[in-house]
Amino acid sequence: MTAHVRSQLEYQKIHVLGENDVNNSPGQIVMLESAPDDEISLIDLYLVLDRHKMMMAIIIAVVLVSGVFYAVFKSQVFNYHVSAQIGTVYVATAQGTELQSIEPVEVVLSKITETYIPIVISEYVADNPAVPVPELKARIPKQSDIIILESRAVDDEIQQNVLMQKVIDMVVENHRPRMDIMKSQFVTQLNNARLKLAELEAPVTLKIIKKQFELDKLTRNIAKSELTDVHLIRA
1 MTAHVRSQLE YQKIHVLGEN DVNNSPGQIV MLESAPDDEI SLIDLYLVLD RHKMMMAIII
61 AVVLVSGVFY AVFKSQVFNY HVSAQIGTVY VATAQGTELQ SIEPVEVVLS KITETYIPIV
121 ISEYVADNPA VPVPELKARI PKQSDIIILE SRAVDDEIQQ NVLMQKVIDM VVENHRPRMD
181 IMKSQFVTQL NNARLKLAEL EAPVTLKIIK KQFELDKLTR NIAKSELTDV HLIRA
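Position 29 of the sequence shown, counted from 1, bears residue number 29 in full-length UniProt numbering, the numbering being contiguous throughout.
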């Protein structure tokens, strides 16, 4: 039977019992509408749910208990962040003195991610074989010269700070030769300035400076008097 036929009204003949039936009177025709086969009765649905309510209650209880146990016994994960800025120094250029980083921040980031972090993680795993491997990474915020170290692990804050400090110490050790060279240059300049100052403060130097000052003063006075005499002659 097709869906079109099922949706049509069916006519059923109902005989009225009693006297009409005896007299063979014509039957009464009543028009009845049959419900489509694909509709689900709400009452039937309720009966099905009511029949399985105990099972549904058990499933819901198991899900809730499992969620509580997962939340209670799940290992806590900690996130830590440390910022590091590369040192800067004054460098002599063709335009004068310019402030520059000891090393480009992009180069430092590459060394951290490709060398320093793997070394630190390897040492940590060797010392703590039964502990989950911490997640340690570095990044540079947009339009910034600061490197952000990020750590994510189940360990406490002290241990994570130790790991990130090891990475920073490696950066410092890598920059130490350059810093030592720059420091020696500054020390040399400072010593030269002190020698120059000592020479200027020496008694002999002061006496020479005083004589030079007096000589310059005398020369200016002579020039001034000669200029005055010329004006007098012209007058």
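No residue lacks a Cβ here, since even glycine has one placed at the ideal position from N, Cα and C. Keep in mind it's a predicted model, so treat the numbers as computed, not measured.
Query raised in the report: Using the C-alpha atoms, what's the distance from residue 196 back to residue 221?
Result: Approximately 31 angstroms between the Cα atoms of the pair.
Query raised in the report: Quick one, which of 92, 85, 99, 181 has its alpha-carbon nearest residue 171's?
Result: The shortest Cα separation from residue 171 among 92, 85, 99, 181 belongs to 85.
**Report entry** Same chain only: Cβ atoms within 6 angstroms of residue 101, ignoring 5 sequence neighbours per side
**Finding:** Answer for residue 101: 86, 88, listed in chain order.
Query - Every unbroken beta strand (DSSP E) inside the stretch 90 to 151 [3 residues or more] - result: As summarised for the stretch 90 to 151, the continuous beta strand (DSSP E) elements at least 3 residues long and confined to that stretch are 96 to 101, 135 to 139, given in chain order.
Report task. May I ask you to report which of helix, strand or coil DSSP gives residue 76? Result -> Coil, per DSSP.
Requested in this report: Please report the residue range of the alpha helix (DSSP H) in which residue 43 lies.
Outcome: Note, residue 43: alpha helix (DSSP H), 42 to 51.
Query raised in the report: Would the beta-carbon of residue 138 fall within 8 angstroms of that of residue 112?
Result: Yes. Within cutoff.
Query raised in the report: Expressed to the nearest angstrom, what Euclidean distance is found between the alpha-carbon atoms of residue 115 and residue 58?
Result: Residue 115 and residue 58 have their C-alpha atoms spaced approximately 54 angstroms apart.
Query raised in the report: Which class does residue 198 belong to by DSSP, given the choice of helix, strand or coil?
Result: Annotated three-state conformation of residue 198 is helix, per DSSP.
**Report entry** Check whether residue 151 and residue 134 have beta carbons under 8 angstroms apart
**Finding:** Yes.
**Report entry** Assigned exposure category for residue 164 - 16 Cβ within 10 Å defines buried
**Finding:** Burial of residue 164 is indicated by the presence of at least 16 other C-beta atoms within 10 angstroms of its C-beta.
Query - Integer-rounded CB distance, given that residue 120 should sit under 8 angstroms from residue 149 - result: Not a contact, Cβ separation roughly 10 angstroms.
Query raised in the report: When the distance is taken between beta carbons, is residue 147 closer than 8 angstroms to residue 249?
Result: Limits of the chain in this structure are 1 at one end and 235 at the other, which puts residue 249 out of reach.
Query - Residue(s) in a DSSP beta bridge with residue 85 - result: Bridge partners of residue 85: 146.
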